[in-house]
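*Asks:*
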Amino acid sequence: MMAERTFGLRTGRKLAVGLCVLISLICAVKPARGALLDVNGSFVTLVDDLKSLAFAKNSGLYVAPTGPQLAAFNGLATSLRNAVTLGDLQALVAAADALNYDVVRLNDSGTVYYGLREHLVANAQTLGWGSFFVRQGATRQAMVQTPHVLFDTNTPEVAAKAFVQSQAELFLMAGAHRDANGDDTADVAHLADSIFLEVHQAWNGAGGETIAWQVHGFDLDGKPQFPNDTDAVLSNGTGAVSPEIVALDAAIEALGNDWVSYAYNTLDINDPLNQQVNGNVDGETFGGVNGLGATTNVEQIYSTGIGGRFVHIELEQSFRLNGSTNRQLAADAIANAIAATTPIPEPASALSLGALTIMFIRRRR
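So, in structure tokens, the structure goes:
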């Protein structure tokens, strides 16, 4: 076991445990079947509420979707995205109800999100398929994803904050522990027949133009081959270094306080792109059977296969377990990278222009 690292201002890996005293947003209003669910509150709080509904490890509660259900949900996800623009909510609510889902309309201080969430029975879900949201009036065509809501501790919080801050359009979260019915039985990052993947496909675009930013977590103690200062590992799953990887790597290191990011790639160690994101560390250090290269990630495989790009983000416990401040820093970096690499309608915002500068920060190792 690797000795515990010290982080300067970051002191050890402590899992903060708190008692939630807020009334659950998602259970506060109980609509009739087939009715729109209107909710006021914070999107980040809503995501935390939904995480509390997710099926636990070895619960045996996850229900694998059938072929017809997968196809129907793909259409439902497309309808949700269209309805936010076109306003055809009545048909959307009926289609969602047929799949045991409610349509949620969340007003977060004037920003409106429409989402699909399982219809609850006695304040509990029955399927474990996940929840999916579209921001009305989004300025950036990107989607943020959290596939391991319980296994990768605190990643839903980071993903939700990054989504809100970045003005991204789409948000996907799983509804069960990856091992809900046993090892990897509900691992939506690797299952070829999940509702999560269907929504990803529906929202990815014909040529993969809507880039997915997928947030995961890891423990450095289980990766002895990694440099001992690794706080994040990034990958696009193909062995290349994309503009999104360059931007996020720079954004993480721009946080200061010795935050360090690396990127899996198969380039020569002296290739300028590897040097930019890894210094003198070989990019293949982060791949292989015990690596984090996302080479078998099904969302990555789909996006890459249609000509799109994918961003796989692995956050070490230093980001996730050392208090809300570090989780906020991780969200800031992801949001800045999305802003730096995703087109925004003219005139460009000051946030977007400022975020572009992070791509040119010189790397120091």
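One gets the numbering used here by counting positions in the sequence shown from 1 and adding 159 to each. Every residue gets a Cβ at the ideal spot worked out from N, C-alpha and C, and that includes glycine. Keep in mind the model is a prediction, meaning the values are calculated, not measured.
1) Could you compute how far the alpha carbon of Val-263 sits from the alpha carbon of Gln-435?
2) Which residues does DSSP list as the beta-bridge partners of Glu-443?
3) Among the candidates Asn-233, Asn-340, Ala-281 and Thr-500, whose CA atom is the shortest distance from the CA of Ser-401?
4) For a quick check, are the C-beta atoms of Phe-330 and Asp-267 less than 7 angstroms apart?
5) Can you give the Cα-Cα distance for Leu-426 and Lys-210, rounded to whole angstroms?
6) Do Ala-339 and Ala-333 come within 7 angstroms of each other at the CB atom, strictly closer than that value?
7) Any contact of the stretch 277-285 with the stretch 300-316, i.e. 3+ C-beta pairs under 8 angstroms?
8) Measure from the alpha carbon of Glu-238 to the alpha carbon of each residue in Leu-220, Leu-265, Tyr-273 and Glu-473, then state which is nearest.
9) In whole angstroms, what is the alpha-carbon distance linking Leu-229 and Tyr-260?
10) Is the CB-CB distance between Ala-321 and Arg-299 below 7 angstroms?
11) Considering just the uninterrupted stretch of the alpha helix (DSSP H) at Glu-368, what are its terminal residues?
12) Since Gln-435 sits in a beta bridge, which residues does DSSP pair it with?
13) Have a look at the DSSP bridge pairing and note the partners of Tyr-461.
14) Buried or exposed: which applies to Val-448, given that a residue is buried once 16 or more other Cβ atoms fall within 10 Å of its Cβ?
15) Got a sec? Which residues, its chain only, sit under 6 angstroms from Ala-605 by beta carbon, not counting five neighbours each side?
16) Report all residues from its chain with a CB closer than 7 angstroms to the CB of Arg-240; omit the five preceding and five following residues, and keep chain order.
17) Please say whether Ala-335 and Glu-458 have beta carbons closer to each other than 7 angstroms?
18) Please check the pair Gly-446 and Tyr-423, which I expect to be a contact at CB under 8 angstroms, by giving their CB distance rounded to whole angstroms.
19) Measure the C-alpha to C-alpha separation of Gly-466 and Lys-216 and round it to an integer number of angstroms.
20) Taking the alpha carbon of Leu-480 as the point to measure from, which residue in Thr-312, Gly-234 and Leu-275 has its own alpha carbon closest?
21) Spatial neighbours of Asn-199 within its chain, please: C-beta separation below 6 angstroms, excluding the five flanking residues on both sides.
22) So the beta strand (DSSP E) Ile-472 belongs to, where does it begin and stop?
23) If you run the structure through DSSP and keep just helix, strand and coil, what is Gly-341?
24) Please say whether Leu-393 and Leu-379 have beta carbons closer to each other than 7 angstroms?
25) Asp-208: buried (16+ other C-beta within 10 angstroms of its C-beta) or exposed?
26) Which partner residues does Ser-420 have in the DSSP bridge list?
27) Looking only at its own chain, which residues have a Cβ that is under 7 angstroms from the Cβ of Ile-489, when we skip the five neighbours before and after it?
28) Closer than 6 angstroms by C-beta to Asp-197: which residues in its own chain qualify, once you throw out the five before and the five after it? Chain order, please.
29) Cβ atoms of Leu-286 and Val-222: under 7 angstroms apart, would you say?
30) Taking the runs of the alpha helix (DSSP H) that are 4 residues or longer, which of them lie wholly in the stretch 224-249?
31) Restricting to Cα atoms, I'd like to know which of Gly-341, His-349, Gly-376 and Leu-258 is closest to Pro-227.
32) Give every residue of the same chain whose Cβ lies closer than 8 angstroms to the Cβ of Gly-193, excluding the five residues on either side of it in the sequence, and list them in chain order.
33) In angstroms with no decimal places, state the Cα-to-Cα distance between Ile-428 and Glu-443.
34) Look at the Cβ atom of Ser-454, then the Cβ atom of Gly-396, and state whether they are nearer than 7 angstroms.
35) Along the chain, where does the alpha helix (DSSP H) containing Gln-487 start, and where does it finish?
36) For the alpha helix (DSSP H) containing Ser-290, name the first residue and the last one.
*Replies:* Considering the structure as presented:
1) Roughly 43 angstroms between the two C-alpha positions.
2) Answer is none; Glu-443 lacks a bridge partner.
3) Thr-500
4) no
5) Distance between the alpha carbons of Leu-426 and Lys-210 is about 38 angstroms.
6) no
7) no
8) Going by the sequence as given, residue 238 is Ser instead of Glu. Closest by alpha carbon: Tyr-273.
9) 14 angstroms
10) It is not a contact, given that the beta carbons lie outside the stated cut-off.
11) It is not in any alpha helix (DSSP H) - Glu-368 carries neither H nor E in the DSSP assignment.
12) Gln-435 is not bridged to any residue.
13) Per DSSP, none; premise fails for Tyr-461.
14) exposed
15) Residue 605 lies beyond the residue range present for the chain, which begins at 160 and ends at 524; the question has no answer from this structure.
16) Val-293 and Trp-362
17) no
18) 5 angstroms
19) 35 angstroms
20) Thr-312
21) Asn-266
22) 469-475
23) Correct three-state label for Gly-341: strand.
24) no
25) buried
26) Paired residues: Ala-391.
27) The sequence given here has Ala at residue 489, not Ile. Correct list, in chain order: Val-317, Leu-474 and Phe-478.
28) Same-chain partners within the cutoff: Arg-264.
29) Contact flag set, yes.
30) 226-245
31) Nearest in C-alpha terms to Pro-227, of all of Gly-341, His-349, Gly-376 and Leu-258, is Leu-258.
32) Val-252, Ala-253 and Asp-256
33) 9 angstroms
34) In the sequence under discussion, the amino acid at residue 454 is Thr, which differs from the Ser named in the question. Result yes, Cβ atoms of Thr-454 and Gly-396 sit closer than 7 angstroms.
35) 483-500
36) Looking at the DSSP string, Ser-290 is not in any alpha helix (DSSP H); the run it does join, the beta strand (DSSP E), is 290-294.
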